[in-house]
Amino acid sequence: MTWQTETERIADRIRRCVLDQTIKSNGGYLSQACSSAEILATLYTHLMTLGPSEGPMIPPPFTPGTAKTHGRTGGVYNGAKAPHLDRFIVSPTHYAMAVYAALVATGRMAAEGLEQFNLDGSSVEMIGEEFSPGHEVTGGSFGQAISQAAGIAVARRLRGDSGRVWVFMSDGEFQEGQVWEAFSIMAFHKIDNVAVFVDVNGQQVDGRMKDVMDIGSLAAKLMAFGAEVAEVNGHDVGALAQAGAKRPSDRPLVVLCHTEPYRGIALLKPRYPNLHYVRFSSDDERNLYRQALNQWQEN
């Protein structure tokens, strides 16, 4: 089996896992898993240099103050913090279920841990926090995590670390001014140990981005703000890996991954662009998705 085949298999499992949880919860952030599955799979299996997970296979309940008291965040599922290892920052934290599914699909978390999803007292939150598996920081309002990642990258450079800081973002975050401030800072300080993968699915909570607030050419703007930019098909694992392997000098790398928010689940396409959070309108509709999942699993 080639690495591409294995990575595509993991992406497929991410989608199935999130679809299963969406059915169980009668709703969820399903389209985000559809668009980001290959991105997350490629990052975890081919691009990021991470140590073995140091998190419990079944995540413990949330305990207030844990991160401050013990210095342990959900980032432990991405391995130890070591000079030669990479760090992974998840910015759009409503993609949390897709991240959990990626951890399960790559053996960093047990599937049983997903049974705690969105339960009271659970660390497996619907909207990821710094204590949620795979999350190192609280993203806060959209666009804030890229500033945190820039600060981490500066600190790592000052220490002489060789590891990179990988950031996963959504295209809607680029409607926020703080994102552009962060890129201005990275350009000024010539921060080149940051690689940003952006899920460019063209949608947001209120519909199509171009209808809500069109931001024009994202690539042109990022280059104007000093980033090196690659544009790829976000469902092509080979193209994702090739773009992420670049290591530009004196500037951050941004890979714009053009995706479909209904990729792999045909039932979602008629809903487009109202896909930000998928709710089932009836038991009959929910059963249609359950039947699709059963057929998928049988194949």
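Residues in the sequence shown are numbered consecutively from -1, following my numbering.
From the three backbone atoms N, C-alpha and C, an ideal C-beta is built for every residue, glycine too.
Looking only at DSSP bridge pairs, what is C255 linked to?
Within the sequence shown, numbered from 1, the residue matching residue 255 stands at position 257. Looking at the DSSP assignment, C255 forms a beta bridge with D197, V230.
Inter-stretch contact (C-beta, 8 Å, three-pair minimum) for the segment 108 to 124 and the segment 160 to 179
They do not touch, by the three-pair rule.
Closest by C-alpha distance to Q201, when choosing among F278, H274, A147
The residue given as residue 201 occupies position 203 in the sequence shown. Minimum Cα distance to Q201 is reached at H274.
Does the distance from the C-beta atom of G119 to that of F60 stay below 9 Å?
Locating residue 119 in the sequence shown gives position 121, where the first residue counts as 1. Locating residue 60 in the sequence shown gives position 62, where the first residue counts as 1. Yes, the pair counts as a contact, with Cβ atoms nearer than the cut-off.
Let me know if I213 comes out buried or exposed under the rule of 16 or more other beta-carbons within 10 Å of its beta-carbon.
Locating residue 213 in the sequence shown gives position 215, counting from the first residue. Classification of I213: exposed, given that the 10 Å Cβ count is below 16.
Reduced DSSP secondary structure (H/G/I, E/B, other) of G205
Taking the sequence shown and counting its residues from 1, one reaches residue 205 at position 207. Three-state DSSP puts G205 in a strand.
Name, in chain order, the residues that DSSP records as bridge partners for M211.
Numbered from its first residue, the sequence shown carries residue 211 at position 213. Under the DSSP definition of a beta bridge, M211 lacks any partner.
CA-to-CA distance, D281 to V192, given in whole angstroms:
Numbered from its first residue, the sequence shown carries residue 192 at position 194. Numbered from its first residue, the sequence shown carries residue 281 at position 283. Pairing V192 with D281, the inter-Cα distance amounts to about 45 Å.
By Cβ distance below 8 Å, which residues in the same chain neighbour E6 in space, the five residues on each side in sequence not counted?
Here the question's residue 6 lines up with position 8 in the sequence shown. Within the same chain, E6 has close Cβ partners E36, A39, V235.
What does V192 pair with, by DSSP beta-bridge criteria?
The residue given as residue 192 occupies position 194 in the sequence shown. Under DSSP, V192 takes part in a beta bridge, and its partners are V163.
Beta-carbon within less than 7 Å of Q2's beta-carbon, same chain only, minus the 5 sequence neighbours each way: which residues are those?
What you label residue 2 is simply residue 4 of the sequence shown in a count that begins at 1. Only V235, G236 meet the Cβ criterion.
Taking only three categories from DSSP, how would you classify K66?
The sequence position of residue 66 within the sequence shown is 68, counting from 1. Its pLDDT being 49, under 50, K66 is placed unreliably by the model, and nothing is read from it.
By the 10 Å Cβ neighbour count, where 16 or more other Cβ atoms means buried, how is L41 classified, buried or exposed?
Here residue 41 is taken as the residue at index 43 of the sequence shown, counted from 1. With a threshold of 16 other beta carbon atoms within 10 Å, L41 meets it and is buried.
Are three or more beta carbon pairs between the segment 46 to 61 and the segment 140 to 150 nearer than 8 Å?
By the Cβ criterion, the segment 46 to 61 is not in contact with the segment 140 to 150, since fewer than three pairs of Cβ atoms, one from each stretch, lie closer than 8 Å.
Could you tell me the alpha carbon to alpha carbon distance between L251 and R269, rounded to whole angstroms?
One-based indexing of the sequence shown puts residue 251 at position 253. One-based indexing of the sequence shown puts residue 269 at position 271. Their Cα atoms are separated by approximately 33 Å.
Using a threshold of 9 Å, state whether the C-beta atoms of P81 and R155 are closer than that.
For the purposes of this step, residue 81 is taken as the residue at position 83 of the sequence shown. For the purposes of this step, residue 155 is taken as the residue at position 157 of the sequence shown. Cβ atoms of P81 and R155: not closer than 9 Å.
Hey, could you find the ends of the alpha helix (DSSP H) R85 is sitting in?
As a first step, residue 85 is located in the sequence shown; it is residue number 87 there, counting from the start. It is not in any alpha helix (DSSP H) - R85 instead sits in the beta strand (DSSP E) that spans 85 to 88.
State yes or no: is the C-beta of S145 within less than 9 Å of the C-beta of E179?
Reading the sequence shown from its first residue, position 147 is the one you call residue 145. Reading the sequence shown from its first residue, position 181 is the one you call residue 179. S145 is a Cβ neighbour of E179, given a cutoff of 9 Å.
Using the three-state DSSP reduction, which class does V135 fall into: helix, strand or coil?
Mapped onto the sequence shown, residue 135 falls at position 137. Looking at V135 - three-state DSSP - the assignment turns out to be coil, as it is neither helix nor strand.
As assigned by DSSP and simplified to three states, the class of R284
Here residue 284 corresponds to residue number 286 of the sequence shown, with the count starting at 1. Correct three-state label for R284: helix.
Helix, strand or coil at V97 according to DSSP, with G and I counted as helix:
Residue mapping note: residue 97 aligns to position 99 of the sequence shown, counting from 1. Helix at V97.
Residues in the same chain with beta-carbon distance under 7 Å from R261, minus the five sequence neighbours each way, listed in chain order, please.
For the purposes of this step, residue 261 is identified with residue 263 of the sequence shown, where counting begins at 1. Hits under 7 Å: C32, S33, H233.
Thinking just about the alpha-carbon of each residue, which of Q173, A218, V196 is nearest to the one in D209?
For the purposes of this step, residue 209 is taken as residue 211 along the sequence shown, with counting starting at 1. The candidate whose alpha carbon is nearest that of D209 is Q173.
Pairing CB atoms from the segment 243 to 259 with CB atoms from the segment 279 to 294, are three or more of them under 8 Å?
With the cut-off at 8 Å, the segment 243 to 259 and the segment 279 to 294 do not touch.
Between the beta-carbon of I56 and the beta-carbon of H92, is there less than 9 Å?
By one-based count along the sequence shown, residue 56 stands at place 58. By one-based count along the sequence shown, residue 92 stands at place 94. Not in contact: I56 and H92 (Cβ atoms no closer than 9 Å).
Report the partner residues of G77 according to the DSSP bridge assignment.
Here residue 77 refers to the residue found at position 79 of the sequence shown. Under DSSP, G77 forms no beta bridge with any residue.
Just mark G175 as buried or exposed, buried being the case when its beta carbon has 16 or more other beta carbons within 10 Å.
For the purposes of this step, residue 175 is identified with residue 177 of the sequence shown, where counting begins at 1. Classification for G175: exposed.
What residue range does the alpha helix (DSSP H) around E6 cover?
Indexing the sequence shown from 1 puts residue 6 at position 8. Counting along the chain, E6 sits inside the alpha helix (DSSP H) bounded by residues 1 to 23.
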